[in-house]
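*Asks:*
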Amino acid sequence: MGSSPVLVTRPGPRGDLLAAAIEAAVGAPVARLEALRLEALAETPEQRAAWLDFDHFRRVVVVSPFAAECLAEALDRYWPQLPLGIDYYAVGAASAATLHERLGVRVHVPPAEAGEDTSEALLRLGSLQRLAEEKVLLVAGEGGRTLLAETLAERGARVTRLAVYRRTPLDPSPALQACLAEGDYRALVVSSGEILEHLARWCADAALNQPLIVSSARLATLAGKLGFRAPVVASGATPAALAAAVADACDPQEADVDQDDLEKG
Numbered sequence: 125m126g127s128s129p130v131l132v133t134r135p136g137p138r139g140d141l142l143a144a145a146i147e148a149a150v151g152a153p154v155a156r157l158e159a160l161r162l163e164a165l166a167e168t169p170e171q172r173a174a175w176l177d178f179d180h181f182r183r184v185v186v187v188s189p190f191a192a193e194c195l196a197e198a199l200d201r202y203w204p205q206l207p208l209g210i211d212y213y214a215v216g217a218a219s220a221a222t223l224h225e226r227l228g229v230r231v232h233v234p235p236a237e238a239g240e241d242t243s244e245a246l247l248r249l250g251s252l253q254r255l256a257e258e259k260v261l262l263v264a265g266e267g268g269r270t271l272l273a274e275t276l277a278e279r280g281a282r283v284t285r286l287a288v289y290r291r292t293p294l295d296p297s298p299a300l301q302a303c304l305a306e307g308d309y310r311a312l313v314v315s316s317g318e319i320l321e322h323l324a325r326w327c328a329d330a331a332l333n334q335p336l337i338v339s340s341a342r343l344a345t346l347a348g349k350l351g352f353r354a355p356v357v358a359s360g361a362t363p364a365a366l367a368a369a370v371a372d373a374c375d376p377q378e379a380d381v382d383q384d385d386l387e388k389g
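In this text, residue positions in the sequence shown follow the working numbering: the first is 125, and each later residue adds one.
1) Can you look up Glu163 in the DSSP assignment and give me helix, strand or coil?
2) Quick one: what's got a C-beta closer than 7 angstroms to Asp382's C-beta in the same chain, skipping five residues either side?
3) Residues in its own chain within less than 7 angstroms of Leu332 by CB, not counting five upstream and five downstream?
4) Quick one: is Arg285 buried, meaning 16 or more other Cβ sit within 10 Å of its Cβ, or exposed?
5) Within 10 angstroms of the Cβ of Thr168, are there 16 or more other Cβ atoms? Answer buried if so, exposed if not.
6) Assign Tyr202 to one of two classes, buried (16 or more other C-beta atoms within 10 Å of its C-beta) or exposed (fewer than that).
7) Identify every run of the alpha helix (DSSP H) within the segment 232-319, keeping only runs that are complete inside it and at least 4 residues long; order them along the chain.
8) Here's the rule: buried if 16 or more other CB atoms are within 10 angstroms of the residue's CB, otherwise exposed. What is Arg138?
9) Which ranges would you report for the beta strand (DSSP E) in the segment 327-376 if only whole runs of at least 3 residues count?
10) Could you give the first and the last residue of the continuous alpha helix (DSSP H) run that contains Arg214?
11) Whose C-alpha, out of Ala159, Ala149, Ser127, is nearest the C-alpha of Glu321?
12) Would you list the residues sitting across from Leu131 in a DSSP beta bridge?
13) With DSSP as the reference, label Gly139 as helix, strand or coil.
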């Protein structure tokens with residue numbers, strides 16, 4: 125098991141950042157397990173109407189970094205200068221950072237005392253409790269959870285939910301399918317319920333006993349229902365938080381030795 129990799133399932137460039145963080149923290153090999161492809165959707169009449177009337181919204185909520193990217197791309201086309209008076213919200217720190225970098229806006233995120241970046245945590249913000257007749261734009265992917273839209277509507281908001289991208293599940297390569305079946309990896313890192321459910325079909329008993337690093341208590345609960353026996357909840361979904369959880373789950377003495385050997389080599 126000493127040379128077995130940590131499996132990282134986060135797609136795209138953000139997966140590269142996570143892999144680098146884990147390599148630095150653990151000193152172990154990391155393998156990318158691309159289980160999901162993100163694809164921006166072609167603009168629909170509903171989307172175009174929302175972008176043109178963007179200044180009519182009082183609050184804008186994005187659920188993921190890719191949703192934030194898609195929103196920024198659209199606003200670059202339609203609004204050379206952003207309208208004032210809109211409050212922006214993001215489920216996680218990475219989504220907030222994307223909005224800030226691309227649009228230069230201040231972004232509300234889940235309160236620190238919530239302890240995790242989830243839709244449930246975001247909904248605890250005081251500014252989202254009473255939304256009588258306020259127009260709220262929710263930018264997300266196809267499908268997914270309905271909690272945000274339903275809860276905001278229950279609190280009085282007039283919610284427009286736009287799907288701006290799709291998630292396409294990808295089957296692991298034969299080599300990685302074997303890794304999952306045999307549990308031949310140091311830890312599996314998952315920050316998406318959709319990815320976890322997708323990969324569970326290849327996880328035999330050996331894999332179910334291996335450390336599974338997840339980004340929220342909700343995912344840990346899902347993992348338990350799927351049969352995983354050793355879920356570890358990271359303090360968040362950031363690369364630093366997930367890498368720290370991997371380091372804690374792995375043998376730190378063994379990881380230190382591996383890192384020393386790499387430096388000497």
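Where a beta carbon is used, it is the ideal one built from N, C-alpha and C, also for glycine.
*Replies:* For this structure:
1) Taking the sequence shown and counting its residues from 1, one reaches residue 163 at position 39. It is a strand residue.
2) Here residue 382 refers to the residue found at position 258 of the sequence shown. Bear in mind that the predicted position of Asp382 carries a pLDDT of just 39, short of 50, making it unreliable; the figure below should be weighed with that in mind. Within the same chain, Asp382 has close Cβ partners Gly151, Ala152.
3) Here the question's residue 332 lines up with position 208 in the sequence shown. Only Gly351, Phe352, Arg353 meet the Cβ criterion.
4) The residue you call residue 285 lines up with position 161 of the sequence shown. When all chains shown are included, Arg285 counts as buried.
5) Along the sequence shown, one-based indexing puts residue 168 at 44. Exposed, by the Cβ-count rule.
6) As a first step, residue 202 must be located in the sequence shown, where it is residue number 78. The residue is exposed, with fewer than 16 neighbouring Cβ atoms inside 10 Å.
7) 243-246, 271-278, 298-306
8) Working through the sequence shown from its first residue, we reach residue 138 at position 14. Buried: at least 16 other Cβ atoms inside 10 Å.
9) 336-338, 355-357
10) As a position in the sequence shown, residue 214 is number 90, starting the count at 1. With the sequence shown as reference, residue 214 is identified as Ala, and Arg is not the correct amino acid for it. First-last for Ala214: 211-214, but that is the beta strand (DSSP E), not the alpha helix (DSSP H).
11) Against the sequence shown, residue 321 aligns to sequence position 197. For the residues Ala159, Ala149, Ser127, the minimum Cα distance to Glu321 belongs to Ala159.
12) Locating residue 131 in the sequence shown gives position 7, counting from the first residue. Answer is Ala155, Leu312.
13) Sequence index remark: in the sequence shown, residue 139 carries index 15 (1-based). The answer is helix: DSSP assigns Gly139 an H, G or I state.
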